[in-house]
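Letter by letter, the sequence shown follows residues 1 to 149 of the working numbering. Just so it is clear, CB atoms sit at the ideal spot from N, CA and C, and this is done for glycine as well. These numbers come from a predicted model, not from an experiment. In what follows, a structure is listed as structure tokens, so that the remarks can point back to it.
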Amino acid sequence: MDMKKVLVLGLLLVAVSAIAAISASEEITLEGIHFKIPDGYATTERQVDASGAGDVEDIDGTAVDTETTSEYKNTAGDELEIQVGVRNNQKIDSINPNNAQKKNIAGKEGFLIKEKDDGKDKYKFEYLQDGKLVKITGVSEDIISQVIA
Numbered sequence: 001m002d003m004k005k006v007l008v009l010g011l012l013l014v015a016v017s018a019i020a021a022i023s024a025s026e027e028i029t030l031e032g033i034h035f036k037i038p039d040g041y042a043t044t045e046r047q048v049d050a051s052g053a054g055d056v057e058d059i060d061g062t063a064v065d066t067e068t069t070s071e072y073k074n075t076a077g078d079e080l081e082i083q084v085g086v087r088n089n090q091k092i093d094s095i096n097p098n099n100a101q102k103k104n105i106a107g108k109e110g111f112l113i114k115e116k117d118d119g120k121d122k123y124k125f126e127y128l129q130d131g132k133l134v135k136i137t138g139v140s141e142d143i144i145s146q147v148i149a
């Protein structure tokens, strides 16, 4: 094989590797539930809040013992937040957030809330999975559907 062909083949391999790295979505697991982070979003914060004596954690009015949160932002400044709430010795079997409509997104039955935040639309989708409360907040229903694995 001559040097030109080797060089061109090498450049093609580098280009394909770079494209694959850019388009690879991150996947995370919070409290045993898998999520996909859309391309272009980077982690800004991860935290776990656990209730202590006399302290109650909640996600939009649903009491939980532990709330695990992972936050992301893209270059346009769009925020994405994923929260999973669990109870220590009990499954969560119902939620009913205020001002929400029933909705099915990516095969999950839940509740969608649309509101304005600093002039931008903000969508919150809450649903139950495996006895845990999941809440995904993003700039569109499409982003939320991309997160649900």
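Does the Cβ of residue i have 16 or more other Cβ atoms within 10 Å, making it buried, or fewer, making it exposed?
| i | result |
| --- | --- |
| M134 | The sequence given here has Val at residue 134, not Met. Result: buried. |
| K102 | exposed |
| D130 | exposed |
| V16 | Caution is warranted here: a pLDDT of 39 is assigned to V16, below 50, making its placement in the model unreliable, and the coordinate value is therefore given only provisionally. So V16 counts as exposed. |
| Q90 | exposed |
| K124 | buried |
| Q47 | exposed |
| S70 | buried |
| V147 | buried |
Among the options, which residue has its Cα nearest to the Cα of residue i?
| i | options | result |
| --- | --- | --- |
| N74 | Y127, I148, A149, V139 | V139 |
| A42 | I28, V64, T66 | I28 |
| I105 | D60, V64, I144 | I144 |
| A149 | K36, G40, E109 | K36 |
| E109 | D121, Y127, D118 | Y127 |
| G77 | D117, D49, N88 | D117 |
| S51 | R87, T137, E141 | R87 |
| K132 | T68, P38, E26 | T68 |
Bridge partners of residue i, per DSSP?
| i | result |
| --- | --- |
| S51 | None; S51 has no bridge partner. |
| Q129 | K132 |
| Y85 | First, the residue type needs correcting, since residue 85 is Gly and not Tyr in the sequence shown. According to DSSP, which records beta bridges pairwise, G85 is partnered with E67, L133. |
| Y72 | T43, L80 |
| D117 | K120 |
| Q101 | L112 |
| I28 | F35 |
| D58 | A63 |
| G138 | Y123 |
| I148 | F35 |
Less than 9 angstroms between the beta carbons of residue i and residue j, yes or no?
| i | j | result |
| --- | --- | --- |
| F111 | I92 | no |
| E31 | T66 | yes |
| I113 | A100 | yes |
| N98 | D58 | no |
| T137 | E79 | yes |
Assuming residue i contacts residue j (C-beta within less than 8 angstroms), just tell me the rounded distance between them.
| i | j | result |
| --- | --- | --- |
| V84 | I33 | 6 angstroms |
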